[in-house]
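Student: I have a structure here, written as structure tokens, and I will follow up with some questions on it.
Residue numbers (our numbering): 38 to 204.
Given below as structure tokens:
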């Protein structure tokens with residue numbers, strides 16, 4: 038699904054110089070404001086392993102949805118390499134089934150790309166089975182347990198209206 042919004046990443050970035058023990062300096066971001074927002078909404082009746090599983094799968098959809106969303110690889114002080122991660126923060130919210138269904142409808146109506154995870158996917162074992170389970174489900178009656186969206190900040194806020202911060 039193709040969105041019609043800007044995807045430049047961030048609007049402003051302030052920097053400041055920090056001194057550590059008066060011998061080294063580093064430039065670190067003070068405040069970065071992204072013009073897009075990433076939100077995962079999880080059903081509020083999931084077990085902890087289900088929350089983590091659904092979040093991991095949903096974020097894989099967001100991270101691969103557009104070039105440039107993932108940053109550069111990480112390296113520690115010894116030069117060991119680590120995989121790159123998403124360049125912007127992710128907000129995790131919760132809500133009941135009605136909140137997720139409404140968020141799905143609003144995202145569809147606004148053309149906001151989304152990843153969706155249904156309860157049935159907890160019992161499948163591979164990508165083909167996941168796709169088959171999803172394809173056989175009635176779109177209007179998806180048993181959503183998780184939804185991830187990325188889009189303009191204000192639009193995403195409207196999509197996830199009614200969800201609350203995850204604890």
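All C-beta atoms in this analysis are idealised placements derived from N, C-alpha and C, irrespective of residue type, glycine included.
1) Roughly how many whole angstroms lie between the Cα atoms of residue 118 and residue 110?
2) How many Å lie between residue 116 and residue 107 at the Cα?
3) Please report the distance separating the alpha-carbon of residue 174 from that of residue 113.
4) Out of curiosity, what's the CA-to-CA distance linking residue 152 and residue 126?
5) Using a Cβ-Cβ cut-off of 8 Å (strictly less than) and excluding sequence neighbours within five positions of residue 134, which residues of its own chain qualify?
6) My guess is that residue 93 and residue 83 are in contact by the Cβ rule of under 8 Å, so how many angstroms apart are they, rounded?
7) Measuring alpha carbon to alpha carbon, tell me which residue in 87, 137, 74, 97 is nearest residue 159.
8) Write down every uninterrupted run of the alpha helix (DSSP H) in the stretch 158 to 197 whose length is 4 residues or greater and which is fully enclosed by it, in chain order.
9) Would you mind working out which of 85, 124, 120 sits nearest residue 71, comparing C-alpha positions?
10) Suppose contacts are defined by Cβ-Cβ distances below 8 Å. Is residue 197 in contact with residue 138 by that definition?
11) Are residue 136 and residue 203 closer than 8 Å when you measure CB to CB?
12) If we ignore side chains and look at the alpha-carbon of each, how far apart do residue 172 and residue 121 end up?
Tutor: The relevant details are as follows:
1) Cα to Cα, the separation comes out at about 7 Å.
2) Taking C-alpha positions only, residue 116 is separated from residue 107 by approximately 20 Å.
3) Put simply, the backbone Cα of residue 174 is about 45 Å away from that of residue 113.
4) Looking at the two C-alpha atoms, the distance is approximately 17 Å.
5) Taking residue 134 as the centre and dropping the five residues before and after it, the same chain places the C-beta of 80, 180, 181 closer than 8 Å to its C-beta, in chain order.
6) No, residue 93 and residue 83 are not in contact; Cβ-Cβ is about 13 Å, not under 8 Å.
7) Shortest Cα-Cα distance from residue 159 to any of 87, 137, 74, 97 involves 87.
8) Runs of the alpha helix (DSSP H) inside the stretch 158 to 197: 164 to 173, 190 to 196.
9) Checking every option, the nearest Cα to that of residue 71 belongs to 124.
10) Taking 8 Å as the Cβ cut-off, residue 197 and residue 138 do not qualify as a contacting pair.
11) In this structure, residue 203 does not lie closer than 8 Å to residue 136 by Cβ.
12) CA-to-CA, the gap between residue 172 and residue 121 works out to about 31 Å.
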